[in-house]
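**Q**
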Amino acid sequence: MASFLRTARCVRPALRQTITRPAVVPTPLAVYRQYASTASATAPSPTDGSSTTTTTTTTTTASPFPDEPSGPLVRTRIPGPKSKAAIDRLSTIFDTRSLNMLAHYPHSYGNYIADLDGNLLLDVYAQIASIPVGYNNPSLQLAATSPEMVSALINRPALGNFPSHDWAEVLQSGILKVAPKGLNQVLTAQAGSDANELAYKAAFMYRRQQERGGADVPFTEEEVLSAMENTAPGAPELSILSFKKGFHGRLFGSLSTTRSKPIHKLDIPAFNWPSAPFPELKYPLDAHAAENAQEEARCLAATEEIITTFPSPPQPPSSSPSNPKAATTTRLQSTSGNYARCVRSTTSSSSSTKSKPASAPQAASGPTTTGIYPPRRTS
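Take 3 as the starting number for the sequence shown in this note's numbering and just add one per residue.
1. Between Val126 and Asn113, what straight-line distance do the alpha-carbon atoms span, to the nearest angstrom?
2. In three-state DSSP terms, what is Ala292?
3. From Pro315 to Asn139, what does the alpha carbon distance come to, in whole angstroms?
4. Alpha carbons only, please: which of Ile80, Thr305, Pro286 and Ser93 is nearest the one belonging to Asn121?
5. From Ala299 to Gly339, what does the alpha carbon distance come to, in whole angstroms?
6. If you draw a straight line from the C-alpha of Tyr285 to the C-alpha of Glu293, how long is it?
7. Since Ile156 is in the alpha helix (DSSP H), which residue starts that stretch and which ends it?
8. Where do the ends of the alpha helix (DSSP H) carrying Ile89 lie?
9. Whether or not the stretch 192-202 and the stretch 250-270 are in contact is what I'm after, with contact meaning three or more pairs of Cβ atoms, one per stretch, closer than 8 Å; do they touch?
10. What do you reckon, is the C-beta of Tyr114 under 7 Å from a heavy atom of the ligand GTP?
11. Look up Pro389 in the DSSP assignment and say whether it is helix, strand or coil.
12. Run through the stretch 234-313 for me and flag every whole alpha helix (DSSP H) of 4 or more residues, listed as ranges in chain order.
13. Is the stretch 205-222 touching the stretch 236-243 in the sense that three or more CB pairs, one from each, lie closer than 8 Å?
14. Give the single residue among Ile133, Asp97 and Thr98 whose Cα lies nearest to the Cα of Tyr107.
15. Should His167 be labelled buried (16 or more other beta-carbon atoms within 10 Å of its own) or exposed?
16. Which whole-angstrom value is the C-beta distance of Lys246 and Phe280, which I expect to be below 8 Å?
17. What would DSSP say about Leu144, mapped onto helix, strand or coil?
18. Is the distance from the Cβ of Glu282 to the Cβ of Glu297 below 8 Å?
19. At least one CB of chain C closer than 8 Å to the CB of Gly339: is that the case?
20. Using only the alpha-carbon positions, how far apart do Thr259 and Gly251 sit?
21. What distance in whole Å lies between the Cβ atoms of Ser141 and Pro66, which are believed to be in contact at a cut-off of 8 Å?
22. Among Arg99, Ala145 and Ala193, which one has its Cα closest to the Cα of Val172?
23. Going along the chain, which residues of its own chain have a beta-carbon closer than 7 Å to the beta-carbon of Val13, five neighbours each way excluded?
24. Pick out whichever of Leu189, Val180 and Ile156 has its Cα sitting closest to the Cα of Gly162.
25. Looking at Tyr208 and Ile242, is the spacing between their C-beta atoms short of 8 Å?
26. For Ser357, is the classification buried or exposed, using 16 other Cβ atoms within 10 angstroms of its Cβ as the cut-off for buried?
27. I'd like to check one pair, Ala116 with Ala131: are the Cβ atoms closer than 8 Å?
28. Can you tell which of Ala191, Val152 and Ile308 has the C-alpha that lies nearest to the C-alpha of Val345?
29. Tell me whether Ala205 sits in a helix, a strand or coil according to DSSP, three-state version.
30. Using DSSP with H/G/I as helix, E/B as strand and the rest coil, what is Asp97?
31. Alpha carbon to alpha carbon, what distance is there between Pro271 and Gly136?
32. Does DSSP put Tyr127 in a helix, in a strand, or in coil?
33. Exposed or buried, what is Ala278 when buried is set at 16 or more other beta-carbons lying within 10 Å of its beta-carbon?
34. Exposed or buried, what is Gly216 when buried is set at 16 or more other beta-carbons lying within 10 Å of its beta-carbon?
Take a look at the structure:
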């Protein structure tokens, strides 16, 4: 505590100066223009035989990113000397085995991601599809420097216990505007894996409430005591049915439903939950209608068998099977509307899942979400 108070006394004068002096925040455009004007003069010329790609910039008042590059700017091998040095330094304190590129975000702009060596690359990965509106988006920067955003960030509310006075307005004017039809409430989470875990728990709790007789029926003493021992009935023997090749996250529940790559699951204990085959359709769809119908029928039969025979009654399927981590480079697997309706009908009519909520979570849903199934590709 004494150390904390000493730190606070040192910070307080600087804090007063920060509050009283006018804030000068360079806009993303100003930062990028300064960078672009000096990049050609300061970037090293290739001396290792690598090619150099130059580009021009275009200015348009209609674009949210004035002066966005019209193409990549590659001046060194990637990683270049500055990036290599920074990666070596980072590697001493952080696991960099999956590192693809050390980004320099102050110089990244719009659809282009920058590194320390003056290279600009067209980014189609979009941070696992979590930054669909571009780097240093001017509109987002205005929002990020607003009093409302500053208050939310520095006060970090525990929303379940102490939501902000304007939280209802934030939800109604934001995420609820794109809610699927018929849904008017929302539970928030920090990431896709968290959201999936929340959906799984909600499905389990809803089922047990229905079996118990309603939300107002109290827990039995047996349920309370057995839950602390991780045994039934307090910890019921239920399961989540997921589809093969699907990725739903890396937490314990979501990882148990993930079936994309062995490396995601190796060495991690998993729940004994089932997985069903998902149709692998042939394209173009019109030219393979008969084959695709047979494939969907095969998968539907397997799904129904699992739902009706699996020892731990499975909750409705966890989908979509498309791998969101590769969503920017691979075609999303899709199915016919009839397949989705049949799966829903199967889960609704089965005695093990009847009257249970359906959930269709993904760990990352891509650049845009519509609340519509099946997913649609857009150009």
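Beta carbons are placed, not taken as given, at the ideal position from N, Cα and C, and that holds for glycine.
**A** So, to answer that:
1. 8 Å
2. helix
3. 47 Å
4. Ile80
5. 13 Å
6. 10 Å
7. Pro149 to Asn157
8. Pro83 to Ser93
9. yes
10. This structure simply doesn't include the ligand GTP, nor any ligand for that matter.
11. What the structure shows of the chain is the stretch from 3 to 381, and residue 389 is not part of that stretch, so it cannot be assessed.
12. 254-259 and 291-311
13. yes
14. Ile133
15. exposed
16. 6 Å
17. helix
18. yes
19. Here there is only one protein chain, and chain C is not present.
20. 8 Å
21. 7 Å
22. Ala145
23. Residue placement at Val13 is poorly supported in this model, since its pLDDT is 40, which falls under 50; the coordinates are not used for a value here.
24. Leu189
25. no
26. Residue placement at Ser357 is flagged as unreliable, the pLDDT there being 40, under the threshold of 50; a coordinate-derived value is accordingly withheld.
27. no
28. Ile308
29. helix
30. coil
31. 38 Å
32. coil
33. buried
34. exposed
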